Amino acid sequence: MIFELLNLCVEKGASDLHFKVGYPPILRIDGTMRPVKDMPVVSFNDFEVMLEAILDDLQLVNFIKHRKLDLGYSFLNARFRVNLFHDIHGGNAVYRVIPFKHLSFADIELPMSGRRMADRPKGIILVTGATGAGKSTTLSTFITHVNTTYHKTIVTVEDPIEYLFEDEMSLISQRQVGVDCLTFEEGIRGALQMDCDVLMVGELRNTDAVEMSLLTAESGKLVFATLHSNTAIQAIDRFVNLFPQTLHSQVLGRLASHLIGVVTQTLVPKKNARGRIAAFEILINTPAVRGLVNENRVHLISSYLESGSSTGMVSLDNSLVDLTFEGKIEKNDALLAANNKAYVKRKIEERDGSGGAA
Numbered sequence: 010m011i012f013e014l015l016n017l018c019v020e021k022g023a024s025d026l027h028f029k030v031g032y033p034p035i036l037r038i039d040g041t042m043r044p045v046k047d048m049p050v051v052s053f054n055d056f057e058v059m060l061e062a063i064l065d066d067l068q069l070v071n072f073i074k075h076r077k078l079d080l081g082y083s084f085l086n087a088r089f090r091v092n093l094f095h096d097i098h099g100g101n102a103v104y105r106v107i108p109f110k111h112l113s114f115a116d117i118e119l120p121m122s123g124r125r126m127a128d129r130p131k132g133i134i135l136v137t138g139a140t141g142a143g144k145s146t147t148l149s150t151f152i153t154h155v156n157t158t159y160h161k162t163i164v165t166v167e168d169p170i171e172y173l174f175e176d177e178m179s180l181i182s183q184r185q186v187g188v189d190c191l192t193f194e195e196g197i198r199g200a201l202q203m204d205c206d207v208l209m210v211g212e213l214r215n216t217d218a219v220e221m222s223l224l225t226a227e228s229g230k231l232v233f234a235t236l237h238s239n240t241a242i243q244a245i246d247r248f249v250n251l252f253p254q255t256l257h258s259q260v261l262g263r264l265a266s267h268l269i270g271v272v273t274q275t276l277v278p279k280k281n282a283r284g285r286i287a288a289f290e291i292l293i294n295t296p297a298v299r300g301l302v303n304e305n306r307v308h309l310i311s312s313y314l315e316s317g318s319s320t321g322m323v324s325l326d327n328s329l330v331d332l333t334f335e336g337k338i339e340k341n342d343a344l345l346a347a348n349n350k351a352y353v354k355r356k357i358e359e360r361d362g363s364g365g366a367a
């Protein structure tokens, strides 16, 4: 059953497959949950058979012991990030589709100001957004750009490994937490000993991982990392708040010195087409922004995002307005994705000229 479903997942262009005991399999397509037609309810035996099909002996022991497991799994022309866990009904598996094909900046329509970040020799770039917002895809485009443009040594630290890379102009080492290193912190520390030029951290989850990432940037390396946040300002706050209050001023100063920028994103259904498109918020660490971060006046950055087109900065809400008037998304979808719905509605009406819908 599971291989048939994974194949269907790829054929239908689904982003996720939910395989849960007591329920029929469900695909997430263009952000909408859709039960698979003519498929029976997943039984306990179906779940056990699935585990035996995708897990090796060590992974199976770990899942039985910890009742949860994250892993990467390749099948035919796709790769999946698999999250296994238990709830009161029994076993659950969520498969997230990770295409083998690496997308380019043009494919994801990342603004030029965001693309130029990857050409910087050192510093830290944060890619942020909610779960399922496409952060891993954007992160992979950064790594693909470096890999195909520069002679660098790249180290990734991930849990689990998602996109698979092959050496092109650069030399890449991908390390999985729990397999190739015990923790993110150990993996990041090891990257410094591996003569890396570029470090990619799958997720900054705790103080130690953030501290090691900062140290790596301070040592003259280029660091890409992800955080969960809905805006660039929230990303900076979250980054700093992982440290004790007594260290906030010091961390803000260090971040102000080494931050290149923040790329925040959300996915919105395409207008009259299958699939979703990313709306990006781009924060560039200009001298003005650097001063606000250093002085702990991060909340004032919003004005630069809203009026910073000359520097390449753009707020998520303004990106949504632009996508609406480019005919790429519907007005209602823009409003649903907006941080400030009243602002987006007003801007759309102003640009529409008639006060009506786009």
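Residue numbers (our numbering): 10 to 367. Ideal placement from N, C-alpha and C gives every residue a C-beta, glycine not left out. Quick caveat, the model's predicted, so the values are computed rather than measured.
| said: Assuming contact is defined by CB atoms lying nearer than 8 Å, are F84 and L15 in contact in what I supplied? | reply: Along the sequence shown, read from residue 1 onward, the residue named residue 84 stands at position 75. Along the sequence shown, read from residue 1 onward, the residue named residue 15 stands at position 6. Yes; because the gap between Cβ atoms is below 8 Å, this pair is in contact.
| field | Nearest-angstrom Cα separation, counted from V50 out to P34 | value | To locate residue 34, count along the sequence shown from 1; it is residue 25. To locate residue 50, count along the sequence shown from 1; it is residue 41. C-alpha of P34 to C-alpha of V50: approximately 7 Å in a straight line.
| task | Below 8 Å on the Cβ atoms is my guess for I117 versus T147; work out the distance and round it to an integer in Å. | result | Counting from one through the sequence shown, the residue named residue 117 turns up at place 108. Counting from one through the sequence shown, the residue named residue 147 turns up at place 138. About 6 Å; that satisfies the 8 Å criterion.
| In whole angstroms, what separates the C-alpha of R306 from that of S222? | Here residue 306 corresponds to residue number 297 of the sequence shown, with the count starting at 1. Here residue 222 corresponds to residue number 213 of the sequence shown, with the count starting at 1. Roughly 23 Å between the two C-alpha positions.
| request: Pick out whichever of R129, N348 and N101 has its Cα sitting closest to the Cα of F233. | output: Locating residue 233 in the sequence shown gives position 224, where the first residue counts as 1. Of the listed residues, the one whose Cα sits closest to F233 is R129.
| message | Is it the case that the segment 327 to 339 contacts the segment 274 to 283, given that we only count it when at least three CB pairs across the two stretches are under 8 Å? | response | Verdict: yes, contact present.
| task | Determine the DSSP secondary structure at G31, reduced to helix, strand or coil. | result | Sequence index remark: in the sequence shown, residue 31 carries index 22 (1-based). The answer is coil: DSSP assigns G31 none of H, G, I, E or B.
| request: Please classify I170: does DSSP put it in a helix, a strand, or coil? | output: Mapped onto the sequence shown, residue 170 falls at position 161. I170 falls in the coil class under three-state DSSP.
| message | The beta strand (DSSP E) that contains M42, what's its start and end? | response | Taking the first residue of the sequence shown as position 1, residue 42 is located at position 33. Going by DSSP, M42 is part of the beta strand (DSSP E) stretching over T41 to P44.
| task | Can you give me the start and stop residues for the alpha helix (DSSP H) that P253 sits inside? | result | Indexing the sequence shown from 1 puts residue 253 at position 244. Note, P253: premise wrong, no alpha helix (DSSP H); not H, not E.
| message | Which same chain residues end up closer than 6 Å to E304 when comparing Cβ atoms and leaving out the 5 residues on each side of it in sequence? | response | As a working mapping, residue 304 is identified with position 295 in the sequence shown. So no residue of the chain qualifies.
| CB contact below 8 Å: N294 versus chain D | Protein chain content of the structure displayed is limited to a single chain, and chain D is not contained in it.
| field | Span of the alpha helix (DSSP H), counted from its first residue to its last, around S324 | value | Stepping through the sequence shown from its first residue, residue 324 is reached at position 315. That residue, S324, is in no alpha helix (DSSP H); it is neither H nor E in DSSP.
| In this structure, does DSSP put C205 in helix, strand or coil? | Residue 205 sits at position 196 when you count from the first residue of the sequence shown. Reduced to three states, the DSSP call for C205 is coil.
| At least 3 beta-carbon pairs within less than 8 Å: the segment 258 to 265 vs the segment 113 to 127 | They do not touch, by the three-pair rule.
| task | Assuming D168 and G211 form a contact by the criterion Cβ under 8 Å, report the distance between their Cβ atoms to the nearest whole angstrom. | result | As a position in the sequence shown, residue 168 is number 159, starting the count at 1. As a position in the sequence shown, residue 211 is number 202, starting the count at 1. Taking C-beta atoms under 8 Å as the contact rule, D168 and G211 qualify, at a distance of about 6 Å.
| Residues of its chain near L251, where Cβ-Cβ distance is below 8 Å and the 5 sequence neighbours each way are ignored | On the sequence shown, residue 251 is found 242 positions in, with the first residue counted as 1. Answer for L251: L213, N215, T216 and V219, listed in chain order.
| request: Starting from F94, follow the beta strand (DSSP E) in both directions and report where the run begins and ends. | output: Position 85 of the sequence shown, counted from the start, is the residue given in the question as residue 94. In the DSSP assignment, F94 falls within the beta strand (DSSP E) that extends over A87 to D96.
| message | Using C-beta distances below 8 Å, list every residue in its chain close to G365, excluding the 5 sequence neighbours before and after it, in chain order. | response | By one-based count along the sequence shown, residue 365 stands at place 356. In this prediction, G365 scores a pLDDT of 47, lower than 50, which makes its location untrustworthy; the coordinate-derived value is nonetheless stated afterwards. The beta carbon of G365 sits closer than 8 Å to those of E358, all from its chain and outside the five residues before and after it, given in chain order.
| Other residues of its chain near I181: CB distance less than 6 Å, five sequence neighbours each side excluded | One-based indexing of the sequence shown puts residue 181 at position 172. Answer for I181: I163 and F174, listed in chain order.
| field | Beta-carbon spacing of G143, V30 below 8 Å | value | The sequence position of residue 143 within the sequence shown is 134, counting from 1. The sequence position of residue 30 within the sequence shown is 21, counting from 1. Their beta carbons are not under 8 Å apart, which means G143 does not touch V30 by this criterion.
| query | Name the DSSP beta bridge partners of N281, please? | reply | Taking the sequence shown and counting its residues from 1, the one referred to as residue 281 is at position 272. The bridge partners DSSP lists for N281 come to none.
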